[in-house]
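Student: Numbering (the UniProt record's numbering), first residue to last: 1 to 164.
Have a look at the structure that comes next, please.
As structure tokens, then:
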């Protein structure tokens, strides 16, 4: 194991236990080699509305805000914390982003996976790539379930059923 990668390995294992559960330390290190570490400043935009993405991110430190924009006004519609994926929808469906991704404060750390590295890991490390893809599916499943719950709550409020 490369000692220089050790702190990053530990951070990934600590913040992403679901992703790392089926991987050895060596496999997590191999995964890290296919990524690029990004450290963001406060309010730095990671990706913007309308962009078609060729990269997605694993949040390993800090929080990323999901923002809608109305003219000059931004309003927060969500937040992704360490252990979360961000940007995977636009990466896989190749459709324009519908939210702005912005660092909540300085010190946000992301592992960036670009399309070229994703394609390489699929061929060179299929077990790791399969684990990553299953993690993406679980992330999207969580999002759909969460939005369905929120939509149901909103529907109850609008139709006068309230919270019971």
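Think of the CB as a built atom: it goes at the ideal place given N, C-alpha and C, for glycine as much as any other residue.
Since the structure is predicted, the reported quantities are computational estimates derived from the model, not experimental observations.
1. In three-state terms, what does DSSP make of residue 10?
2. Are the CB atoms of residue 106 and residue 41 within a distance shorter than 9 Å?
3. Inspect the CB distances between the stretch 92-110 and the stretch 20-31 and report whether three or more fall short of 8 Å.
4. Less than 8 Å between C-beta atoms, sequence neighbours within five positions excluded: which residues of the same chain meet that for residue 152?
5. Leaving aside the five residues before and after residue 117 along the sequence, list all residues of the same chain whose C-beta is less than 6 Å from its C-beta, in chain order.
6. Can you say whether residue 75 is buried or exposed, counting buried as having 16 or more other CB atoms within 10 angstroms of its CB?
7. Residue 65: buried (16+ other C-beta within 10 angstroms of its C-beta) or exposed?
8. Could one say the Cβ of residue 70 lies closer than 9 Å to chain B's Cβ atoms, at least one of them?
9. For residue 83 and residue 133, I'd like the C-alpha separation in whole angstroms.
10. Look at the alpha carbon of residue 55 and the alpha carbon of residue 85, and state the distance between them as a whole number of angstroms.
11. In whole angstroms, give me the CA-to-CA distance for residue 79 and residue 61.
12. Quick one: using the 10 Å Cβ neighbour count with 16 as the cut-off for buried, is residue 127 buried or exposed?
13. If you follow the alpha helix (DSSP H) that residue 119 is in, where does it begin and where does it stop?
14. Kindly indicate which residue of 113, 77, 139, 120 has the alpha-carbon position closest to the one of residue 100.
15. Along the alpha helix (DSSP H) that carries residue 88, what are the first and last residues, could you check?
16. When DSSP builds the beta bridges, which residues end up paired with residue 76?
Tutor: Reading off the structure:
1. Position 10 of the chain shown, counting from 1, holds the residue named residue 10. Correct three-state label for residue 10: helix.
2. If you number the chain shown from 1, residue 41 lands on position 41. If you number the chain shown from 1, residue 106 lands on position 106. Cβ distance < 9 Å, so residue 41 and residue 106 count as in contact.
3. no
4. Locating residue 152 in the chain shown gives position 152, where the first residue counts as 1. None.
5. Along the chain shown, one-based indexing puts residue 117 at 117. The answer, listed in chain order, is 34.
6. Position 75 of the chain shown, counted from the first residue, corresponds to residue 75. By the neighbour-count rule (16 or more Cβ atoms within 10 Å), residue 75 is not buried but exposed.
7. Against the chain shown, residue 65 aligns to sequence position 65. Buried: at least 16 other Cβ atoms inside 10 Å.
8. Of the protein chains in the structure, only one exists, and it is not chain B.
9. On the chain shown, residue 83 is found 83 positions in, with the first residue counted as 1. On the chain shown, residue 133 is found 133 positions in, with the first residue counted as 1. About 15 Å.
10. Indexing the chain shown from 1 puts residue 55 at position 55. Indexing the chain shown from 1 puts residue 85 at position 85. Rounded to the nearest angstrom, the two C-alpha atoms are 11 Å apart.
11. For this step, residue 79 is matched to residue 79 along the chain shown. For this step, residue 61 is matched to residue 61 along the chain shown. Distance between the alpha carbons of residue 79 and residue 61: 13 Å.
12. Numbered from 1 along the chain shown, position 127 holds the residue referred to as residue 127. By the neighbour-count rule (16 or more Cβ atoms within 10 Å), residue 127 is not buried but exposed.
13. Stepping through the chain shown from its first residue, residue 119 is reached at position 119. Start and end: 115-124.
14. Translated into positions along the chain shown, residue 100 becomes position 100. Per the Cα distances, 77.
15. As a first step, residue 88 must be located in the chain shown, where it is residue number 88. Element bounds for residue 88: 88-93.
16. For the purposes of this step, residue 76 is taken as residue 76 along the chain shown, with counting starting at 1. Its beta-bridge partners are 67.
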